[in-house]
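See structure below.
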Amino acid sequence: MNWPFKDCRYPLHGKDILDPIKLPGPISEGTVHLWIADLKAWSKHAENLESILSEEERERLDKLKVIDKREEFLCSRGILRIILSGYIAQDPRDLPLKHSPTGKPFLPQARIQFNLSHSGDIFACGICINNQIGLDIQEIYPISSLDRIINNFFSSTEIQYLATLPSRELYQEHFFAIWVAKEAYLKAVGDGIQESFNQHSIIPESPDLSSFRLEHPAPKRDELVWTINALNVGQGFHAALAYDGDLKELERYEIAPENFFIA
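What the sequence shown shows, in our numbering, is residues 940 to 1202, in sequence order.
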């Protein structure tokens, strides 16, 4: 089943990057706000974004020596802080972001739950209230070792499913779709790729790869009903969102540096 989708494209404006952004309205239970940003556009304002990072984030940034990785981390964390500032009405510099043992960022003692991902020049962040949420994006590219990756990381159920596909093109397309859906689920429960992928099976429910079903979850999570659906973040990408409940509405917003008075 596809989620109701509202493409709001709300034109965010702020007189200063340090001011909490003005949201179009409150977020309600059963709703996810999906935020999209162009990392390349934001990379031109690296100095502004670095000014709102925490000391711990700056230390992590200093350890990244590859320019592309530095820009990805800097922009994604800066954008995340700007977005979250609107939900808790706080200066983005003062957000008390913490990390789980697996590295998942969170806001302690807050109803707001979120997860972010980036690939290529696309950044995305999903935000909801109370429910667990996970999101993953992957830019599509040729993989020479595709069979080895599938045999090492996919479950026997997923391998059997892929073996039924009639062409190599579909084989690769469904691989990416399953991969991001599984990553989104594991990020939602806080495990990430550290937990072996083959402990869970995620199978497409529809021919257009818009929805997925979770099979063989860990026993302690059997009572949760997961909604796992594909997201459209742009041509050349696969993306998915996992949500532990009945998702009633998905609202999409875009955030761009020109929406702020940034020099």
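Every residue gets a Cβ at the ideal spot worked out from N, C-alpha and C, and that includes glycine.
Integer Cβ distance of Asp-1075 from Ala-1178, believed to fall under 8 Å:
As a position in the sequence shown, residue 1075 is number 136, starting the count at 1. As a position in the sequence shown, residue 1178 is number 239, starting the count at 1. Between Ala-1178 and Asp-1075 the Cβ distance is about 7 Å, and since that is below 8 Å, they are a contact.
Item checked: Contact between the stretch 1162-1171 and the stretch 1112-1127 (3+ Cβ pairs under 8 Å) -> yes
inquiry  = Starting from Thr-1225, trace the beta strand (DSSP E) in both directions and tell me its first and last residue.
reply    = In this structure the chain extends from 940 to 1202, so residue 1225 is not present and cannot be described.
DSSP has Lys-1037 in a bridge; who is on the other side? The sequence position of residue 1037 within the sequence shown is 98, counting from 1. DSSP lists Phe-1045 as partners of Lys-1037.
Counting only the same chain and skipping the five closest in sequence on each side, list residues whose C-beta sits under 7 Å from that of Leu-1186. The residue given as residue 1186 occupies position 247 in the sequence shown. The beta carbon of Leu-1186 sits closer than 7 Å to those of Trp-942, Gly-969, Val-971 and Thr-1166, all from its chain and outside the five residues before and after it, given in chain order.
Problem - Span separating the alpha-carbon of Gly-964 from that of Ser-1024 - result: On the sequence shown, position 25 is the one that residue 964 refers to. On the sequence shown, position 85 is the one that residue 1024 refers to. Spanning the two alpha carbons is a distance of roughly 14 Å.
Going along the chain, which unbroken runs of the beta strand (DSSP E) with 3 or more residues stay wholly within the stretch 1161-1194?
1166-1170, 1176-1182 and 1188-1193
Out of Tyr-1182, Leu-1163, Glu-1097 and Ser-1150, which has the shortest C-alpha to C-alpha gap to Gln-1138?
-> What you label residue 1138 is simply residue 199 of the sequence shown in a count that begins at 1. Selected option, being the one with the closest Cα: Glu-1097.
| Residues sharing a beta bridge with Phe-1062, DSSP | Position 123 of the sequence shown, counted from the start, is the residue given in the question as residue 1062. DSSP output for Phe-1062 lists Ala-976 and His-1057 as bridge partner(s).
- So what's Arg-1050 in DSSP terms, helix, strand or just coil? To locate residue 1050, count along the sequence shown from 1; it is residue 111. Residue state, collapsed to three classes: coil.
What is the C-beta distance between Ile-1018 and Ala-1063, in whole angstroms, given that I count them as a contact (C-beta under 8 Å)? Here residue 1018 refers to the residue found at position 79 of the sequence shown. Here residue 1063 refers to the residue found at position 124 of the sequence shown. Contact flag wrong, Cβ pair sits at about 10 Å.
- Query: Could you give the residue range of the beta strand (DSSP E) that holds Gly-1073?
  - Reply: Numbered from its first residue, the sequence shown carries residue 1073 at position 134. Segment 1072-1078, the beta strand (DSSP E) holding Gly-1073.
inquiry  = Does Tyr-1124 pass the burial test, meaning 16 or more other C-beta atoms within 10 Å, or should it be called exposed?
reply    = On the sequence shown, residue 1124 is found 185 positions in, with the first residue counted as 1. Using a 10 angstroms sphere on the CB of Tyr-1124, the tally of other CB atoms reaches 16 or more, which defines it as buried.
#### Entry: Leu-1000 and Glu-989 closer than 9 Å at C-beta
For the purposes of this step, residue 1000 is taken as the residue at position 61 of the sequence shown. For the purposes of this step, residue 989 is taken as the residue at position 50 of the sequence shown. Contact flag set, yes.
Below 8 Å, how does it come out for the stretch 1050-1067 and the stretch 1009-1016: are there three or more Cβ pairs, yes or no?
Taking 8 Å as the limit for Cβ pairs, the verdict is that the stretch 1009-1016 does touch the stretch 1050-1067.
* Skipping 5 residues on each side, what residues in its chain have a beta carbon closer than 6 Å to that of Lys-1043? -> Here residue 1043 refers to the residue found at position 104 of the sequence shown. Gly-1129.
| According to DSSP, residues forming a beta bridge with Val-971 | Numbered from 1 along the sequence shown, position 32 holds the residue referred to as residue 971. According to DSSP, Val-971 bridges with Leu-1189.
What's the gap between the Cα of Pro-1196 and the Cα of Leu-978? The sequence position of residue 1196 within the sequence shown is 257, counting from 1. The sequence position of residue 978 within the sequence shown is 39, counting from 1. Near 10 Å, if we compare the C-alpha coordinates of Leu-978 and Pro-1196.
Straight-line gap, Lys-1126 to Ser-1106 (C-alpha atoms, nearest Å):
Reading the sequence shown from its first residue, position 187 is the one you call residue 1126. Reading the sequence shown from its first residue, position 167 is the one you call residue 1106. In a straight line, the C-alpha of Lys-1126 is about 30 Å away from that of Ser-1106.
| task | Starting from Ile-1089, trace the alpha helix (DSSP H) both ways and give me its first and last residue. | result | On the sequence shown, residue 1089 is found 150 positions in, with the first residue counted as 1. 1085-1092 is the extent of the alpha helix (DSSP H) around Ile-1089.
* Asked: Is it the case that the Cβ atoms of Ile-1194 and Ile-1022 are separated by a distance below 9 Å?
  -> Mapped onto the sequence shown, residue 1194 falls at position 255. Mapped onto the sequence shown, residue 1022 falls at position 83. Yes; because the gap between Cβ atoms is below 9 Å, this pair is in contact.
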